[in-house]
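In our numbering, the protein residues as written are 268 to 405. Structure, as structure tokens:
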Amino acid sequence: WKVGIDGGQPRQLTEKLSLSPAISPDGKQIVCFYLEDQNSPVKLAIIPFQGGPPVKTLPLAGQLGTNLAWTTDGSAVVYVLTSGGVSNLWAQPINGTPAKQLTDFTSERIFRFAFSRDGKQLALSRGTQTSDVILIRS
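Structure, rendered in structure tokens:
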């Protein structure tokens, strides 16, 4: 969905389950994690900013990524893949060539990342994620 900054009616952009949208640097396209149907693997989908069906779908290097971002030149989409509690960044060129692993961490998770405006540097936050279960009896 999208709605103008000045308000107005919300407009649905796609009919399928779409997560983590990111607008391209030129403002003409949106990339998102996309599920065609319940039996299909999650893919990357590039849809027009005005909405409609994907103009391109691309496979993920793993099962499900998080935190989508375009490279500053718009040639690739970067996302986080986590396996066995360890996160790494992957870049998927939009021309369809295979995804490339950008980082090679052996521990911890990536929570957020961002490129510098010129695309020459990358900042990220990473660490451990701990979850506890507590039983309270009354």
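We put the CB at the ideal spot given by N, CA and C, even for glycine. Predicted, not measured: the structure shown is a model, and the values here were computed from it.
Handout entry: Burial state of residue 321 (16 or more Cβ within 10 Å)
Key = Along the sequence shown, one-based indexing puts residue 321 at 54. By the Cβ neighbour-count rule, residue 321 is buried, with 16 or more other Cβ atoms within 10 Å of its own.
Practice task
Could you pull out every residue in the same chain whose Cβ sits closer than 7 angstroms to the Cβ of residue 341, ignoring the five residues on either side in sequence?
Solution key: Your numbering for residue 341 matches position 74 in the sequence shown. Answer for residue 341: 291, 292 and 293, listed in chain order.
Practice task
Locate the beta strand (DSSP E) running through residue 268, then write down its first and last residues.
Solution key: Stepping through the sequence shown from its first residue, residue 268 is reached at position 1. No beta strand (DSSP E) contains residue 268, which DSSP labels as neither H nor E.
Practice task
Pull up the DSSP beta-bridge partners for residue 274, would you.
Solution key: Translated into positions along the sequence shown, residue 274 becomes position 7. 271.
Handout entry: Sequence-distant residues of its chain with Cβ nearer than 7 angstroms to residue 337 (five each side left out)
Key = Working through the sequence shown from its first residue, we reach residue 337 at position 70. Within the same chain, residue 337 has close Cβ partners 289, 291, 292, 298 and 344.
Practice task
Indicate the three-state DSSP secondary structure (helix, strand or coil) for residue 386 in the structure shown.
Solution key: Here residue 386 corresponds to residue number 119 of the sequence shown, with the count starting at 1. Residue 386 falls in the coil class under three-state DSSP.
Practice task
Using the Cα positions of residue 351 and residue 276, report the straight-line distance between them to the nearest angstrom.
Solution key: For this step, residue 351 is matched to residue 84 along the sequence shown. For this step, residue 276 is matched to residue 9 along the sequence shown. Each residue's Cα considered, the two are about 43 angstroms apart.
Problem - 9 angstroms Cβ cutoff met for residue 375 and residue 354 - result: Here residue 375 corresponds to residue number 108 of the sequence shown, with the count starting at 1. Here residue 354 corresponds to residue number 87 of the sequence shown, with the count starting at 1. Yes, they are a contact pair.
Problem - N- and C-terminal bounds of the beta strand (DSSP E) containing residue 295 - result: Stepping through the sequence shown from its first residue, residue 295 is reached at position 28. No beta strand (DSSP E) contains residue 295, which DSSP labels as neither H nor E.
Exercise for the section: Please check the pair residue 302 and residue 284, which I expect to be a contact at CB under 8 angstroms, by giving their CB distance rounded to whole angstroms. Expected result: For the purposes of this step, residue 302 is taken as the residue at position 35 of the sequence shown. For the purposes of this step, residue 284 is taken as the residue at position 17 of the sequence shown. Under the criterion of beta carbons closer than 8 angstroms, residue 302 and residue 284 qualify as touching, at roughly 4 angstroms.
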